[in-house]
Every structure is written in structure tokens, then in C-alpha cells.
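All residue numbers for the sequence shown refer to our numbering, where the first residue is 15 and numbers rise by one.
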Amino acid sequence: MAKRVKQRAVVRDQKLKRNLILISLAVLLIKFVLILSIKNGGWLGADGENYLTGLNGLIKSGFASKEPLLIYWPAGYPILLWMLTFVSISKFVFLLSFTQSILYFVATAFFVERIRLTRLSKLALPLVLILGLNPTLSLSSLAIGYESAVASCFLLTTALILRYQQNKSRKNLIRTVFLVGLIQGVSAFMQPRGILLGITVFVLWGIFNGGWKNMLTTVLIGTCVLMVFPAVLVLRNVQANNTVSISTNLGSTMNGGAGDNATGGYPSRGSTNYGVPCSPKAPATSVSDNQLVGCVIKWYLKHPTKSAVLLVKKSIYFWSPWFGPLANGTMARNPWLKIDPIKSIASNQAGHSLVFGWFGKVLSWIWIVLGLFLVFYGFIWLWRMRGVERELSILAGTPILLAWLISVGTIGDHRYRLPTMGLSLFLQVAGYFGLRERFSGGVGRATLEPRRRTR
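If you want it as C-alpha cells, here you go:
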């Protein structure tokens, strides 16, 4: 009898594994069809024109191009676009959409498979559906922008670390640290804030491993591999502009979200009445990016009350819906908005009054509060499970928290949560299952059945 039950469990497990792969493949094929039906094979993202301007500079002048946007904006993503043009300039947008879609498919399939092999196996099926069919995150792989690729990097990183934690060995540690370092390095290459997130992940992973030897191996090797990619950007800027910097837009971004007239979001177009006072240090005649960063930090410290108000506003904007009365950020080109029924309702006067009136505001607040609640509850539920699931809660929750804090320190923009959105969706699914378990009188505890260790 016991043998028959075990056999049924194995068959059920293999069926789930097959279904997860088939769903991921089906979503990928649908996206391929969509790519072929879109003019040029993709859409412009929020900063699409800037990336294309940087790309044109690289095509004309090579790696050390003096195009101003390549020093102001991080040059990593335009460099990756440039590499695709070596295959085909006229079809590079098609190539980009295919590449980013395949990367997202691999990341999603691998992440969900690792979840299947934990005590969270019942989360695997709804998770693969949500990650695959979420219109904003999934369709972002068809847009010219780093967000989808960075989101894929975080899913891959978390899955790789989870796989190691399920099957520890010295050989696996070094190999996995190197792979995670490469992935996080590429992420930081596209968006330098990934440096902070990547190093933090290595520190946490080192703590999980225990012992100074394993911790030093994780942190030192991982950080060294990661930093190779940002170092390439610094080298490029030294050659192009004699500037020892990854980019020069941090100060201006922070300044846009600070000061007496700051709203927490972006200053209105053409506005000059924003930011904090900052004078150049002699003999310089202009304020450097680093000096502007320092001025903004000093302003926050000197104005704690105003800073606290801005912190709340930026947090609301970070978690705000993609459309509606509370929406704030640079997601006007969100592919989802092309078919969003709420936006369609707001297209006439009566619908606009409904969506942007008190009813729409109440729904938007419910959307924000419910989403945040599920993230926090999912984290707590996983934490209470201990074991590898507790480590997973930290690996998923920390990048989300850091992305949130970075937005608070710069500008409130709901687009800033896209790179960690795969992880926040995972925690929200976990939160739902945690609530179901809590209110079903223990029925949901089947989710916590121990899983075999992978070999």
C-alpha cells in the first residue's frame, strides 16, 4: 500500500514538472507569434529613445563613443544592443525581443522548477501562470528597456542559490558563486544599482553558508566577478570622456526628488523650480554629480520632517498601480495599457470621472494595500517555515526592499519595481497560500509536505 502511494506521488510529481515546462513553452511561443506580428518586432520602453541614441553613437564611433547620453545614462544596455547589431542592424529589435523573451522563459522555468522541489510545490503551478501571463512583466521582454532582463537575472540568481542550498558541496559553491556573479554582473552592467543589490545577495548567501571560509569564498569571489562588468563601463567612460564614473545621472535623479518643492515624483516638464541648493567647490565652476549627491543627502538630514513626508509619497508611487488616480511614474508605454480595460473605461468623460474620482481612488488604495500586505505576509509565512524556505524569503524580500529604498532615495516611480517584480509576485503567491492555510483550519498544510533533496 505504501509503495503504491509512493508511486502515485512520483507520477503526480512528474506530471507537475511536465505541465510547468509546457506552460512556460506555450507562453514563449505566444510571445514569438506576437513579436512577428509587431512592426519592427518590439516596442520602445520608457527610455527607449535614449538607448537608441546611445546605440547610434556606438555604431558610429565604437566602444569609446563620446555620445553624451552614454556617460549620463549607464552605457551597459546600449552596449548589449550594439552587440545584437553585429548580427543584423535592420532586425536588431526582433533579435532583442527574442533574446529577452528566451531569457525570461529560462529564468521563469528554472525558478519555478526549484520551487517545485521545496515544500512549496503547490505554489509552482499558479506561480508559473502568473509569471508567464502577467502582462506588464512578461510583455516587458518585448520592449527596449533593461527592466525585463534584470528581472530575469534576479529570478535566475535566486533559483541558482536555492539549488545550491538544497545540495551543498564545496565544488558546487565555487561554481554557483561564479555563475551568480556573472548574472549579477550583467544586471549591474545594465543598471548600476544592481551593484548594491548583488553584493547584498552575496553577503546574505555567505551568512546562510556559515563559517568564515564559505562566507569569504561567497562574498569575495562573487563580488570580484560582479564588479568586472561595472569596471568595463568605467573604462569606457575614461577612454571616451576621461571621467572615472559608471554614469553621471545619480545626482540629478536624487535632486529631482528632493527639495522644498519636491512632490516625490518627477518634476513637471520644463520646470526649474526643484531640487536643493548646491554650489560648486572652487576652483570648479559647475557642480559635479558626486557633489550634488552630497548636497541632497545633507538636505535630507537637515529636513527630517519634509524627508519623512517625501518617503511616504515615494513609497506610494513605487507601489502605485500602472494607471489611475494614484499612478505615478514612467510606465506610460507599459504594454498592458494597450489593452487595459480600466484605461478603456476612462476614455470618455463619464468613465474618466469614475476612474479618477473617489471610487477609483478607493480601488487604487485597495490595490496598493492588498499587494503590499500579500508581499509581507508571504515573507512572514516563508520565514516561519524555517529551513531553505526561510532563506528563500530573505533572498526574495531583500532585493525588493532595496529597490524600494533606492526609489525613496531618488524618485518615486512605479517602473522601479519592475526589476524585482518577479520576486514580489512570488511572495504575493506565497502570501495567498499562507492566508488560505491560516483560514482553512490546516487544510493547506499539505503544501508543507517535505520534498526529497535533489541530487
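Here a beta-carbon is modelled for each residue, glycine too, at the ideal position from N, C-alpha and C.
Note on V41: 16 or more other CB atoms within 10 angstroms of its CB, so buried under the neighbour-count rule. Boundaries of the alpha helix (DSSP H) harbouring C167: E161 to Q180, taken from the DSSP string. In the DSSP assignment, no residue is bridged to W395.
If you draw a straight line from the Cα of A157 to the Cα of N304, it is about 31 Å long. Comparing alpha-carbon positions, the option among L34, G59, L193 and A173 lying closest to L143 turns out to be L34.
Around A173, the same chain offers A121, F124, F125, E127 and R128 as residues with beta carbons nearer than 8 Å, after the five sequence neighbours per side are excluded. Counting only runs of 4 or more residues that sit fully inside the region 199 to 255, the alpha helix (DSSP H) segments are 208 to 223, 226 to 230 and 236 to 255, in chain order.
Secondary structure note for L340: it is in no alpha helix (DSSP H), with a DSSP letter that is neither H nor E. For the pair N275 and N287, the CB atoms are nearer than the 8 Å cut-off. Bounds of the alpha helix (DSSP H) holding W96 are G90 to T99.
Proximity to M204 across Y118, G195, I93 and F106 peaks at I93, based on C-alpha coordinates. When beta bridges are read from the DSSP output, I158 appears opposite L58. Judged by DSSP secondary structure, P140 falls within the alpha helix (DSSP H) whose first and last residues are A138 to L147. Distance from the Cα of F393 is smallest, within the candidate group L169, F440, F370 and V376, for F440. Remark: C-beta atoms of Y314 and G426 do not approach each other more closely than 8 Å. Distance check between N148 and each of L416, L384 and D354 places D354 closest, using alpha-carbon atoms only. C-alpha of K375 to C-alpha of S266: approximately 31 Å in a straight line. In this structure, the alpha-carbon of W219 lies about 10 Å from that of G236. The Cβ neighbour count for E403, taken over all protein chains shown within 10 Å, is at least 16; the residue is labelled buried. Rounded to the nearest whole angstrom, the C-alpha separation of R400 and T132 is 12 Å.
Exclusion of the five residues before and after L170 leaves V120, A121, F124, F125 and I197 as the residues of its chain whose Cβ lies within less than 8 Å of its Cβ. The DSSP-derived three-state label of S454 is coil. Of the residues G55, K74 and L145, the one whose Cα lies closest to the Cα of A165 is L145. Considering only E405, T231 and G59, the residue with the shortest C-alpha distance to L176 is E405. Per DSSP, T113 is one residue of the alpha helix (DSSP H) stretching across F106 to R130. For R347, the CB contacts under 8 Å within the same chain, skipping 5 residues up- and downstream, are W57, L58, G59, A60, G62 and A157 in chain order. When secondary structure is reduced to three states using DSSP, Y314 falls in the helix class. Linking V233 to I52 through their CA atoms gives a straight-line distance of about 43 Å. Taking every protein chain shown into account, the CB of Q28 has fewer than 16 other CB atoms within 10 angstroms, so this residue is exposed. Apart from sequence neighbours up to five positions away, the residues of its chain that approach Y280 with a beta-carbon distance below 7 Å are G270 and I425, ordered along the chain.
When the five nearest sequence neighbours on each side are left out, the beta carbons in the same chain lying within less than 7 Å of the beta carbon of L325 are those of V422, in order along the chain.
The beta carbons of T412 and T150 sit no closer together than 8 Å. By the criterion of a C-beta distance shorter than 7 Å, L449 is surrounded in its chain by Y391, once the five residues flanking it on both sides are discounted. A straight-line Cα-Cα distance of about 44 Å links T319 and L117. At the C-beta level, S378 and P339 come within 8 Å of one another.
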